[in-house]
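Asks:
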Amino acid sequence: MGFPIHLIAISVLLLAIPTDVFADGPNRISIRVVDDQGDPVADASVVARYQQIIHQNGKEFRVPMELAVPQTTDADGRCELLLYDVSWTLAAISALRAELKTEEIMEMVDDAPADPLAREEFLRALYERGRRFSSAYHLLTLEAKGEPQITLQMAKAIKVTGRVQVNGKPLAKAFVTISSKPTSMDQLFSRWAPELTDQEGKFEYYSVPGDLDRARIVVERPKGNRSLMLEDVRSKTTSDGLHFELDTRAKDYTQGDKL
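First residue of the sequence shown? That's 894 in the working numbering, and the numbers climb one at a time after it.
Structure follows, in structure tokens:
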């Protein structure tokens, strides 16, 4: 990505600085996380970040930094964040909850059926549940500390499946990202991650809800990486989620090191 190693080191050091270096009294914000039905969500991970502007060698870098110690919601879906007293113009809070926690998955694996076929089916369903999650995001304002409570309503992730073809042939081992139009929130939280296509050019994963009308395909090869950005991509709604058929042409891919 061309990101200077020394800049990464600076970011790590800034994250490690104790809160009392910044201020004597951090701002306290009360958080409540609910699901799409308005019911409280326990064990949700709540993270606050802000954008730190760092100047290095005459260049300006915008780096997401922790704005508070991450918290986990209680049985009533509540937690409190103590915001560091730092200056910022862009800050936000995220809440994330996997359908199954790691310890729950491990316990269920121990109870898997002994029969090979039944066990395979059981583990396949367990793997599917392990990938599902719900999430919520909230942009902070400078007046956030005056709010009695911030409520984050979670939305369930959407299952995305698809296939990539180039000149009518499956494109294997390519990184595909299906996303919505970037917002300021994406500068603080990486809400979209690439998925690798299999030998048939197929991919599937769970995505943060949104318009999901943009696609990026990155092909990494020894002779050089090639990428393709697609706008206004169409999907089909299925019982599983959204399905994309990306029929592309080799001549449309651009070559470059910085992808």
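No residue lacks a Cβ here, since even glycine has one placed at the ideal position from N, Cα and C.
If you're wondering where the values come from, they're calculated on a predicted model, not measured in any experiment.
Pull up the CB-CB distance for Thr1070 and Arg1109, whole angstroms please, since I reckon it's below 8 Å.
Replies: Locating residue 1070 in the sequence shown gives position 177, counting from the first residue. Locating residue 1109 in the sequence shown gives position 216, counting from the first residue. Sure, about 5 Å apart at Cβ, within 8 Å.
Asks: CB-CB under 6 Å to Glu1097, same chain, minus the five flanking residues each way: which ones, in chain order?
Replies: Within the sequence shown, residue 1097 is the residue found at index 204, counting from 1. Excluding residues within five positions, the ones whose Cβ falls inside 6 Å are Thr1054.
Asks: Compute the beta-carbon to beta-carbon distance between Ala984 and Ala935, rounded to the nearest angstrom, for a pair I have assumed lies under 8 Å.
Replies: Along the sequence shown, one-based indexing puts residue 984 at 91. Along the sequence shown, one-based indexing puts residue 935 at 42. Wrong, their Cβ atoms sit about 25 Å apart, outside the cutoff.
Asks: Using the Cβ count rule (16 or more neighbours within 10 Å means buried), how would you classify Lys1144?
Replies: On the sequence shown, residue 1144 is found 251 positions in, with the first residue counted as 1. Its Cβ having fewer than 16 others within 10 Å, Lys1144 is exposed.
Asks: Using a 10 Å radius around the Cβ and a threshold of 16 neighbouring Cβ atoms, would you call Thr966 buried or exposed?
Replies: For the purposes of this step, residue 966 is taken as residue 73 along the sequence shown, with counting starting at 1. Counting Cβ neighbours within 10 Å, Thr966 comes out buried, since at least 16 surround it.
Asks: With a cut-off of 8 Å, does the C-beta of Glu953 fall near any C-beta of chain C?
Replies: Looking for chain C here will not work: only one protein chain is present.
Asks: Can the beta-carbon of Ser1083 be found closer than 8 Å to that of Arg1107?
Replies: For the purposes of this step, residue 1083 is taken as the residue at position 190 of the sequence shown. For the purposes of this step, residue 1107 is taken as the residue at position 214 of the sequence shown. No, the pair does not count as a contact, with Cβ atoms beyond the cut-off.
Asks: Which residues does DSSP list as the beta-bridge partners of Met1122?
Replies: Counting from 1 along the sequence shown, the entry for residue 1122 is found at position 229. Note: Met1122 sits in a beta bridge opposite Arg1109.
Asks: Gly1117 and Val1057 - do their beta-carbons sit closer together than 8 Å?
Replies: To locate residue 1057, count along the sequence shown from 1; it is residue 164. To locate residue 1117, count along the sequence shown from 1; it is residue 224. No, the Cβ-Cβ distance between Val1057 and Gly1117 is not below 8 Å.
Asks: Mapping DSSP to helix, strand and coil, what is Gln1080?
Replies: Working through the sequence shown from its first residue, we reach residue 1080 at position 187. Helix.
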